[in-house]
Amino acid sequence: MPQFGNTKCTLSAPYGGGRSKDLMGTAYNDLEKYGDTIKFDHPITKIKIYHGALIDGLEITYNTSKGAVTVLHGAKATDVVPYTFELRPTENIVEALGVWGESTYNDQGNQVHRLAFKIYDNVNGCFRWTESQGNCSWLKTDTRKDVLVTGKLLGFAGQADNSAQHVGLNTVMMYSEIV
-10 MPQFGNTKCT LSAPYGGGRS KDLMGTAYND LEKYGDTIKF DHPITKIKIY
40 HGALIDGLEI TYNTSKGAVT VLHGAKATDV VPYTFELRPT ENIVEALGVW
90 GESTYNDQGN QVHRLAFKIY DNVNGCFRWT ESQGNCSWLK TDTRKDVLVT
140 GKLLGFAGQA DNSAQHVGLN TVMMYSEIV
């Protein structure tokens, strides 16, 4: 079980994968890279989701002791306006939910086809939800599986091709806090 200072966390199962090695891209692990500087009371300040039929890429802005750090995992698809949401200083993501499974295109393997987040405001005690992104139009329905990660979301890991035009987020895992 990874631990950063007093913050204990767990890593979700991998969502996606199954592409040929040359299409998978490079491994990434944001907590291994930035975990010593991330402010875990409010770790994520903004997420930009590049999407269309599936989730092409994620751009995450972390709140660190050195200021905002923005990282890209996957493709910056340009044919659809990315969906962006910001978190107030009193808010954290407490749930990620979506759909993943095999793509109808042979070389795409398993992909995350839909993704949304639940956000909690620790001052007023209210929740809000982002809009679901990705329309599942390339999902082979008989391979459908759920994405579900609960607990305060701390960071991301996986494998991505940041130089791809589309379908660059090939595997995603999420770190969540253990209380």
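Each residue of the sequence shown is one higher than the one before, counting from -10 in my numbering. We put the CB at the ideal spot given by N, CA and C, even for glycine.
Item                                                                                                                           : Value
Less than 8 Å between the CB atoms is what I'm expecting for K37 and E21, so what's the real figure, rounded?                  : With a Cβ gap of about 22 Å, K37 and E21 do not count as contacting.
Could you work out which residue in T26, R8 and I167 is closest to E91 when comparing CA atoms only?                           : R8
Just reading off the alpha helix (DSSP H) that V94 is part of, what are its end residues?                                      : Rather than Val, the amino acid found at residue 94 in this sequence is Tyr. Premise fails: Y94 is in no alpha helix (DSSP H) and is neither H nor E.
Per DSSP, which residues does Q(-8) bridge with? Please list them.                                                             : K(-3)
Please state whether the Cβ-Cβ distance between A64 and Q122 is less than 9 Å.                                                 : no
Can you grab the Cα-Cα spacing for the pair A42 / R103, in whole Å?                                                            : 8 Å
Can you tell me whether DSSP reads D135 as helix, strand or coil?                                                              : strand
Would you check if there are 3 or more beta carbon pairs closer than 8 Å linking the region 124 to 139 to the region 73 to 88? : yes
Distance check for V112 and D45, CA to CA, integer angstroms please.                                                           : 33 Å
Helix, strand or coil: how does DSSP classify T26 here?                                                                        : coil
Give me the residue from V70, I33, G157 and V161 with the minimum Cα distance to L143.                                         : I33
Report the CB separation of F116 from H62 in whole angstroms; it is logged as a contact under 8 Å.                             : About 26 Å separates the two Cβ atoms, so there is no contact after all.
Tell me, which residues are paired with H62 by DSSP?                                                                           : L47
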